[in-house]
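Peer 1:
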Amino acid sequence: MYIILAWRNLWRNRRRTLIILTAVIIGISSMIVMAAFSRGTVQGMVSNSINNLVGHIKIEHQQHPADPAIEHRIITPEKLLRQITAMLPPGSRVVQRIRADAMLSTSREHVGLVLVGIDPDLEQGVSFIGRPPAQGTLFGNQNQGGIIVGRSLLKKINGKLGQKVVITCQGADGTNIAKAFRIQGVFATELESTERAFAFVQLHTMQQMLGVGNDITEIAIQLPDNNGNPPVDLAATTAFLQANVSDKQLLARNWRQMLPAISSYLEMFDGFMLIWYLIVFLAMAFGLVNTMLMAVYERMREFGLLQALGMRPGCIIKMVMSELLLLLTFGCSISSVAAFITVHFFFSSGIDLAIFAEGAEFWGISRIIYPLLTSWDIIAANSVVLLLGMFTGLYPALRATKFSPVQTMRHV
Amino acid sequence: MAIVTVNNVSRIYHQGKTEFKALDDVSLTINKGEFTALAGPSGSGKTTLLNLIGGIDTADKGTILLDGQDLSSLKKGELADLRLQDIGFVFQSFNLIPVLTAAENVEYILRLQKIPSSIRRQKVKAILADVGLADKADQRPSELSGGQQQRIAVARAVVASPAIVLADEPTANLDSVTGQKLLDLMQQMNTDKQVTFVFATHDKMVMDYARRVITLKDGRIADDIRK
Ligand SMILES: Nc1ncnc2c1ncn2[C@@H]1O[C@H](COP(=O)(O)OP(=O)(O)OP(=O)(O)O)[C@@H](O)[C@H]1O
Ligand SMILES: [Mg+2]
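Protein chains in written order, with this note's numbering: chain P, 316 to 727; chain Y, 84 to 310.
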């Protein structure tokens, strides 16, 4: 009965109801869409960082983070790799890499960068270099003299595929080594800085060049995919690995430890979103209370009559609240669908921030943002509006019980 | 048997510093089955008395017993329940909830009383037939004439068989023919179902129908005639 009454009362002043409904819908959908964007931005930052040769967990020499010199490397890692693989949950990926500071030279340009020796087959799904290159090919095992450089770097040195470049770096024995490579592929990443910072060659080629045998500088671990969410047992796994490698002077850290700023930002993110919801809600609440008061005052004779007929004040509150509940439920469902459609159909291919990329890159924000709609955001936005909305509705509802039948019925 | 007992009741309005006695030391008894009119000039206190008896206003002095219960001893919610169970109201105007149909307006009281829907439907159907508006059951108040609206209000007032029906100027907005029909209807319910009626009225015709006429003047009972 309350619902029928509420429904009819809502449509009594169709225009007002539609206006306030529109306000609610715009409010909630903007809450959710904005949340999806922010979350997409942050998620992009996180996955960029993880793909950026970090991985979920990285193992390296204790001194390597502070002083990434070739002396601080992992000696004869074969046995260690097998042990680590056995310790990880099934489906985990383990890759080995060697990296060194190097100079890339053409006849005209010299560029400092980090040369990374990789096993391209293993990198698939672990870092960006495992993806098919933007141009050219990933080197197979047969091609020992190929190098892959970033798109931006190629532009900077005015290079092209097939061109010869010389890499100079310091070998394990301290001597300078120079070796010629042919640009075989070009990689592209979300971040231009990454495209300039790294160049890749075959792991074996680099090991030979540096004269380090089978030694490497890092082991990167990708834990099994958890439906797009961060792996559940990241901290536990890291601690377990650390306990097992510390005697070898090695250090196991996960990405949250390696990227503390992003990590703590992520932890605060839900709180930020909640604050954002509250701000939008506050703006909405004024309109809501106003409209309801208007509706209640307009009908004060009706409320007086109902009380005279023997409706208890509690029932009058219920009646007014049912109207609000109906309105809000309506608004919430429509806006959630609207937000879903906006995110999934209009922005499914992401939003290109190319114009702002230079500035945004500083923060590790991708050039293209893919909004990320999570059920947490939808539920949180709707709950904020529903719960607080009902709460603000209490005031007009209480007003409705205060009309004395005698006073209201006197004015004919 | 007394259904309403009013003992030395005063109702005082304060206007600035001056006091105004809308009712001044009124005592009266109304018995079950009576068909009574409260008469008197405008401002004499008819509506005030009716509101006090109906428990939607409270006396400043004196006591009012309804069916033996002292109204001043009841809490707000209890008073509401008493009105719901024991009193039927017909107001001069604005009797019906605009968003409900005629039948729903009548049924609403029964719903509040938590009467099962099968019985509700039966009662509503019967009472709408009694007031001659069975064919208007699904119309909204705005689609009914003033007289039809008042008949629906009477139907609602009596549908739950209350101990007493209080009607404030029920005929004031009606032409004499329609007013007469309404009075016939109420008189019939009074004789057939022993429903007690109290009217506040200016209308000569209502006083003619009434079997007892209590005349108020300046908040006091000036006359009390039984025919
Ligand atoms: N809320 C109020 N505040 C101040 N004075 C009031 C109030 N209600 C009623 N009065 C005064 O009390 C007196 C009695 O009013 P009441 O409405 O009972 O008269 P009535 O006999 O019903 O008159 P009418 O025939 O015009 O309806 C009037 O003089 C009126 O001005
Ligand atoms: Mg009056």
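Ideal placement from N, C-alpha and C gives every residue a C-beta, glycine not left out. Remember, it's a predicted structure, so these values are computed and weren't measured experimentally.
Taking MET84(Y) as part of the beta strand (DSSP E), name the residues at either end of that continuous run.
Peer 2: Walking along the second sequence from the start, residue 84(Y) turns up at place 1. That residue, MET84(Y), is in no beta strand (DSSP E); it is neither H nor E in DSSP.
Peer 1: For VAL173(Y), which of helix, strand or coil comes out of DSSP?
Peer 2: Here residue 173(Y) refers to the residue found at position 90 when the second sequence is read from its first residue. DSSP places VAL173(Y) in strand when its eight states are reduced to three.
Peer 1: Rounded to a whole number of angstroms, what is the C-alpha to C-alpha distance between VAL431(P) and PHE502(P)?
Peer 2: For the purposes of this step, residue 431(P) is identified with residue 116 of the first sequence, where counting begins at 1. For the purposes of this step, residue 502(P) is identified with residue 187 of the first sequence, where counting begins at 1. Distance between the alpha carbons of VAL431(P) and PHE502(P): 13 Å.
Peer 1: Going by C-alpha to C-alpha distance, which of ASP540(P), VAL481(P), ARG388(P) and ILE666(P) sits closest to LYS494(P)?
Peer 2: The sequence position of residue 494(P) within the first sequence is 179, counting from 1. Nearest option by C-alpha distance: VAL481(P).
Peer 1: Could you have a look at PHE618(P) and say whether DSSP puts it in helix, strand or coil?
Peer 2: Start at 1 with the first residue of the first sequence, and residue 618(P) comes out as number 303. Helix.
Peer 1: Name the DSSP beta bridge partners of GLU102(Y), please?
Peer 2: As a first step, residue 102(Y) is located in the second sequence; it is residue number 19 there, counting from the start. DSSP, once it has assigned bridges, lists HIS97(Y) as partnering GLU102(Y).
Peer 1: What in chain P is Cβ-close to LEU167(Y), meaning under 8 Å?
Peer 2: Translated into the one-based positions of the second sequence, residue 167(Y) becomes position 84. Chain P residues near LEU167(Y): LEU624, GLY625 and MET626.
Peer 1: What residues in its chain sit with their C-beta under 8 Å from that of ARG446(P), if we drop five residues either side in the sequence?
Peer 2: Looking up residue 446(P) in the first sequence gives position 131. Around ARG446(P): GLN439 and PHE502.
Peer 1: Which residues does DSSP list as the beta-bridge partners of GLU226(Y)?
Peer 2: Sequence index remark: in the second sequence, residue 226(Y) carries index 143 (1-based). Answer is none; GLU226(Y) lacks a bridge partner.
Peer 1: Flag this pair as touching only if the segment 117-128 of chain Y and the segment 298-309 of chain Y have three or more C-beta atom pairs under 8 Å; answer yes or no.
Peer 2: With the cut-off at 8 Å, the segment 117-128 of chain Y and the segment 298-309 of chain Y touch.
Peer 1: Below 8 Å on the Cβ atoms is my contact criterion, and I expect LEU518(P) with ILE413(P) to pass it. Report the Cβ-Cβ distance as a whole number of Å.
Peer 2: Position 203 of the first sequence, counting from 1, holds the residue named residue 518(P). Position 98 of the first sequence, counting from 1, holds the residue named residue 413(P). 6 Å between Cβ atoms; contact.
Peer 1: Residues in the segment 323-334 of chain P with C-beta within 7 Å of chain Y's C-beta atoms, listed in sequence order?
Peer 2: Cβ contacts with chain Y come from ARG323, ASN324 and ARG327.
Peer 1: Could you tell me how far apart the beta carbons of SER407(P) and GLN537(P) are, in whole angstroms, since I believe they sit closer than 8 Å?
Peer 2: As a first step, residue 407(P) is located in the first sequence; it is residue number 92 there, counting from the start. As a first step, residue 537(P) is located in the first sequence; it is residue number 222 there, counting from the start. So it is a contact: roughly 7 Å between Cβ atoms.
Peer 1: Would you mind stating whether LEU249(Y) and PHE172(Y) have Cβ atoms separated by less than 8 Å?
Peer 2: Start at 1 with the first residue of the second sequence, and residue 249(Y) comes out as number 166. Start at 1 with the first residue of the second sequence, and residue 172(Y) comes out as number 89. In this structure, PHE172(Y) lies closer than 8 Å to LEU249(Y) by Cβ.
Peer 1: Given this structure, state the Cα-to-Cα distance separating ALA209(Y) from ALA185(Y), to the nearest angstrom.
Peer 2: Locating residue 209(Y) in the second sequence gives position 126, where the first residue counts as 1. Locating residue 185(Y) in the second sequence gives position 102, where the first residue counts as 1. So the alpha carbons of these two residues sit roughly 13 Å apart.
Peer 1: Our contact map puts ILE631(P) next to LEU621(P) with C-beta atoms below 8 Å; I'd like the distance itself, whole angstroms only.
Peer 2: In the first sequence, counting from the first residue as 1, residue 631(P) sits at position 316. In the first sequence, counting from the first residue as 1, residue 621(P) sits at position 306. Between LEU621(P) and ILE631(P) the Cβ distance is about 6 Å, and since that is below 8 Å, they are a contact.
Peer 1: Using only alpha-carbon positions, find the residue among ILE341(P), ALA712(P) and SER353(P) that is nearest to ILE684(P).
Peer 2: Here residue 684(P) is taken as the residue at index 369 of the first sequence, counted from 1. Considering only alpha carbons, the answer is SER353(P).
Peer 1: Could you give the DSSP three-state label for MET269(Y): helix, strand or coil?
Peer 2: The sequence position of residue 269(Y) within the second sequence is 186, counting from 1. Helix at MET269(Y).
Peer 1: For the putative contact between ALA351(P) and LEU687(P), defined by C-beta atoms under 8 Å, what is the C-beta separation to the nearest angstrom?
Peer 2: Within the first sequence, numbered from 1, the residue matching residue 351(P) stands at position 36. Within the first sequence, numbered from 1, the residue matching residue 687(P) stands at position 372. So it is a contact: roughly 6 Å between Cβ atoms.
Peer 1: Apply the 10 Å Cβ neighbour rule to SER690(P) and answer buried if 16 or more other Cβ atoms are within range, or exposed otherwise.
Peer 2: Your numbering for residue 690(P) matches position 375 in the first sequence. Exposed, since its Cβ has fewer than 16 Cβ neighbours within 10 Å.
Peer 1: Kindly examine ligand 2 and report whether one of its heavy atoms sits closer than 7 Å to the Cβ of GLU117(Y).
Peer 2: As a first step, residue 117(Y) is located in the second sequence; it is residue number 34 there, counting from the start. Because no heavy atom of ligand 2 lies under 7 Å away, the Cβ of GLU117(Y) does not count as near it: no.
Peer 1: For the beta strand (DSSP E) that HIS376(P) lies in, which residues bound it at each end?
Peer 2: Here residue 376(P) refers to the residue found at position 61 when the first sequence is read from its first residue. HIS376(P) -> beta strand (DSSP E) spans 372-376.
Peer 1: Considering only residues of the same chain and omitting the five flanking positions on each side of ALA512(P), which have a CB-CB separation below 8 Å?
Peer 2: Translated into positions along the first sequence, residue 512(P) becomes position 197. The answer, listed in chain order, is LEU428, VAL429 and GLY465.
Peer 1: What are the residues that DSSP puts in a beta bridge with THR483(P)?
Peer 2: Sequence index remark: in the first sequence, residue 483(P) carries index 168 (1-based). According to DSSP, THR483(P) bridges with MET418(P) and ALA493(P).
Peer 1: Determine the contact status of ILE340(P) and SER650(P), defining contact as a CB-CB distance below 8 Å.
Peer 2: The count along the first sequence starts at 1 and reaches residue 340(P) at position 25. The count along the first sequence starts at 1 and reaches residue 650(P) at position 335. A contact, by the Cβ cut-off of 8 Å.
Peer 1: Residue range of the alpha helix (DSSP H) that GLU187(Y) falls in?
Peer 2: Here the question's residue 187(Y) lines up with position 104 in the second sequence. Run containing GLU187(Y): 185-195, per the alpha helix (DSSP H) assignment.
Peer 1: Can a CB atom of chain Y be found closer than 8 Å to the CB of LEU320(P)?
Peer 2: Within the first sequence, residue 320(P) is the residue found at index 5, counting from 1. Output row for LEU320(P): interface = yes.
Peer 1: Measure the CB-CB distance between GLY625(P) and ALA163(Y) and report whether it falls below 8 Å.
Peer 2: Within the first sequence, numbered from 1, the residue matching residue 625(P) stands at position 310. Within the second sequence, numbered from 1, the residue matching residue 163(Y) stands at position 80. Going by C-beta atoms, GLY625(P) is nearer than 8 Å to ALA163(Y).
Peer 1: Could you please give the first and the last residue of the uninterrupted alpha helix (DSSP H) stretch that includes ASN366(P)?
Peer 2: For the purposes of this step, residue 366(P) is identified with residue 51 of the first sequence, where counting begins at 1. Note, ASN366(P): alpha helix (DSSP H), 329-366.
Peer 1: Which residues in the same chain have their Cβ closer than 6 Å to the Cβ of GLY342(P), if we skip the five residues on either side of it in sequence?
Peer 2: Against the first sequence, residue 342(P) aligns to sequence position 27. VAL595 and MET599.
Peer 1: Kindly indicate which residue of ASP218(Y), LEU211(Y), LEU148(Y) and LEU183(Y) has the alpha-carbon position closest to the one of ALA240(Y).
Peer 2: Within the second sequence, numbered from 1, the residue matching residue 240(Y) stands at position 157. For ALA240(Y), the nearest C-alpha among the options comes from LEU211(Y).
Peer 1: Going by beta carbon distance, what residues of the same chain come within less than 6 Å of ALA85(Y), once the five residues before and after it are set aside?
Peer 2: Walking along the second sequence from the start, residue 85(Y) turns up at place 2. Counting only Cβ-Cβ distances below 6 Å, and skipping sequence neighbours, we find THR112 and ASN114.
Peer 1: Going by Cα to Cα distance, which pick from GLN231(Y), GLY116(Y) and LYS104(Y) is closest to ASN91(Y)?
Peer 2: Residue numbering aside, residue 91(Y) sits at position 8 when the second sequence is read from its first letter. Nearest of GLN231(Y), GLY116(Y) and LYS104(Y) to ASN91(Y), Cα basis: LYS104(Y).
Peer 1: Residues in the same chain with beta-carbon distance under 6 Å from ALA715(P), minus the five sequence neighbours each way, listed in chain order, please.
Peer 2: As a working note, residue 715(P) is residue 400 in the first sequence. Hits under 6 Å: VAL611, PHE618, ILE631 and VAL635.
Peer 1: Within 7 Å: the Cβ of THR130(Y) and any heavy atom of ligand 2?
Peer 2: As a first step, residue 130(Y) must be located in the second sequence, where it is residue number 47. Under cutoff, so the answer is yes.
Peer 1: So that I know if they touch, is there some Cβ in chain P lying closer than 8 Å to that of PHE172(Y)?
Peer 2: As a working mapping, residue 172(Y) is identified with position 89 in the second sequence. At least one chain P Cβ lies under 8 Å of PHE172(Y).
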